[in-house]
Amino acid sequence: MRIPSTQALRALESFARHGSVWRAAEELHLTRSAVSHQLRLLERDLGFELLQRDGKGVTLTPRGRKYANDVRKALIVIDDAGERQSPGGTGGSLCISCTAGFASLWLCTHIAEFQEKYPDVALRIITPRKLDDVSDASVDLFIAFGDGNWPNRSVELLCEVEFTPLCSPVLLNNLGGIAEPKDILRAPLLHLGDFEDWTRWLALANVDNPDSERGIVFSDMNLVYSAAITAQGIAMGDELTCRKAMRAGQLIRPFDLSIKSPKSYFLVTDYAKIDHAAQLAFTQWLKSRLSQTRNA
1265 MRIPSTQALR ALESFARHGS VWRAAEELHL TRSAVSHQLR LLERDLGFEL
1315 LQRDGKGVTL TPRGRKYAND VRKALIVIDD AGERQSPGGT GGSLCISCTA
1365 GFASLWLCTH IAEFQEKYPD VALRIITPRK LDDVSDASVD LFIAFGDGNW
1415 PNRSVELLCE VEFTPLCSPV LLNNLGGIAE PKDILRAPLL HLGDFEDWTR
1465 WLALANVDNP DSERGIVFSD MNLVYSAAIT AQGIAMGDEL TCRKAMRAGQ
1515 LIRPFDLSIK SPKSYFLVTD YAKIDHAAQL AFTQWLKSRL SQTRNA
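Using my numbering, you'd call the opening residue of the sequence shown number 1265 and step up by one each time.
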């Protein structure tokens, strides 16, 4: 069995997560040239290209990204094996700030798995008033929804989001069906905070003269989805947080047309806290569980 060096694999996994050599070097406590050297050696050992030039920088090739994803899974398995054999295991306290929608619709439906794997971690989950708020000094790790611009913080992309109309089958039946995008305007539109998502989707669907600002505006995604599930209107939702409701038949998507959100979910933390054992355990578990959810 011919296995590349662990250091080279860790360099690839870190580069894949951060998208830059200098961030990978910072995380691994190596120089940038050392990380680049490890990646070149790994390419040589594997016999195929991992990296490609992209303007002034480098990115992973499609084959390199697939390999990096497999490496990440393997490293998580190895780390978990070590934790299970460790006399004390990972402990300590960990405070997570997570947007209310992501917390209630996804995180809270899986969190017992993390607690079972790390019973000695005292976990506390709170929700901020704003989706991109990372100001609470008592928080160790933020799962924030924004544009990725949080200066002087460690910022890592967690997942991108695509929105599509979602509605209750009861509402669809009450409307007598929806044959084309303009028929959506026969029902109330449900908004989160502003009208941007519906404005963009109706434009993409080529709906003439849409009144995208009609309907009801909510301050919380949970309220939007509650209204949608109970046939009060049509919401813009994503398949990650709405997966459970869609599988249960509570929400359906009338059209196979989505818009990519200009904002994404990010992991945000202070550089001083990035290497804490409990936080590392949580982020590794979170990314692994998200990967499994997307591939299910």
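Glycine residues also receive a C-beta, built at the ideal position from the N, C-alpha and C atoms.
Check TYR1535 in the structure and name its three-state DSSP category. helix
Beta strand (DSSP E) runs contained entirely in the segment 1384-1429, provided each spans 3 or more residues: 1385-1390 and 1405-1410
Once DSSP output is grouped into helix, strand and coil, what is the label at CYS1372? helix
For ILE1442, which option in ASP1334, LEU1324 and ILE1516 has the closest C-alpha, if you only look at C-alpha atoms? ILE1516
Measuring straight from C-alpha to C-alpha, what distance separates ILE1389 and ILE1360? 5 Å
C-alpha gap between SER1432 and GLN1514, whole angstroms: 6 Å
Going by C-alpha distance, which of LEU1306, SER1278 and ILE1340 is nearest GLN1556? ILE1340
Helix, strand or coil at PRO1526 [DSSP, three-state]: strand
In its own chain, which residues sit with a C-beta less than 7 Å from the C-beta of SER1402, not counting the 5 before and 5 after it? CYS1359
I'd like the span of the alpha helix (DSSP H) that includes ARG1287, first residue to last. 1285-1292
Inter-residue Cα distance where the pair is PRO1351 and LYS1381: Note that PRO1351 has pLDDT 43, beneath the 50 cutoff, so the model's placement of it is unreliable and the number below is only indicative. Each residue's Cα considered, the two are about 14 Å apart.
Residues that DSSP places opposite ALA1469 in a beta bridge: In the DSSP output, where bridge partners are listed per residue, ALA1469 has none listed.
My understanding is that LEU1521 touches THR1428, with C-beta atoms under 8 Å, so please give their C-beta distance in whole angstroms. 7 Å
With respect to the alpha helix (DSSP H) encompassing ILE1493, which residues constitute its N-terminal and C-terminal limits? 1485-1493
Span of the beta strand (DSSP E) holding GLN1316? 1315-1318
To the nearest angstrom, report how far apart ASP1472 and CYS1506 are at their CA atoms. 28 Å
Measuring only the C-alpha atoms, how far is GLU1477 from PHE1459? 6 Å
Mind checking whether PHE1409 and ASP1396 have CB atoms under 8 Å apart? yes
Quick one: give me the first and last residue of the alpha helix (DSSP H) that LEU1435 is part of. 1433-1438
Between which two residues does the beta strand (DSSP E) harbouring PHE1482 extend? 1480-1482
I'd like to check one pair, ILE1480 with PRO1452: are the Cβ atoms closer than 8 Å? yes
Give me the Cβ distance between LEU1436 and GLY1497, rounded to the nearest whole Å; I'm assuming they're in contact under 8 Å. That pair is no contact at about 12 Å.
Measuring straight from C-alpha to C-alpha, what distance separates ALA1495 and VAL1434? 6 Å
Quickly, what does DSSP pair SER1357 with across the bridge? List them, please. ALA1386
Nearest candidate by alpha-carbon position, reference ARG1393, set ALA1491, TRP1286, ASP1484 and LEU1371: ASP1484
Hey, ASP1404 and GLN1543 are a contact pair by Cβ (cut 8 Å); roughly how many whole angstroms apart? 6 Å
For GLY1311, the nearest candidate out of ILE1267, ALA1338, PHE1406 and ARG1317 (CA to CA): ILE1267
Is the beta carbon of ILE1407 sitting closer than 8 Å to the one on LEU1531? yes
How far does the beta strand (DSSP E) with ALA1499 in it extend, from its first residue to its last? 1498-1501
So the candidates are MET1510, ALA1536 and PHE1279; which of them puts its Cα closest to the Cα of TRP1208? In the structure as shown, the chain starts at 1265 and stops at 1560, and residue 1208 therefore has no counterpart that could be examined.
How would you write the range of the alpha helix (DSSP H) that LEU1273 sits in, first residue to last? 1270-1282
Using the Cβ count rule (16 or more neighbours within 10 Å means buried), how would you classify TRP1209? Outside the shown range of the chain, which is 1265 to 1560, sits residue 1209, and nothing can be said about it.
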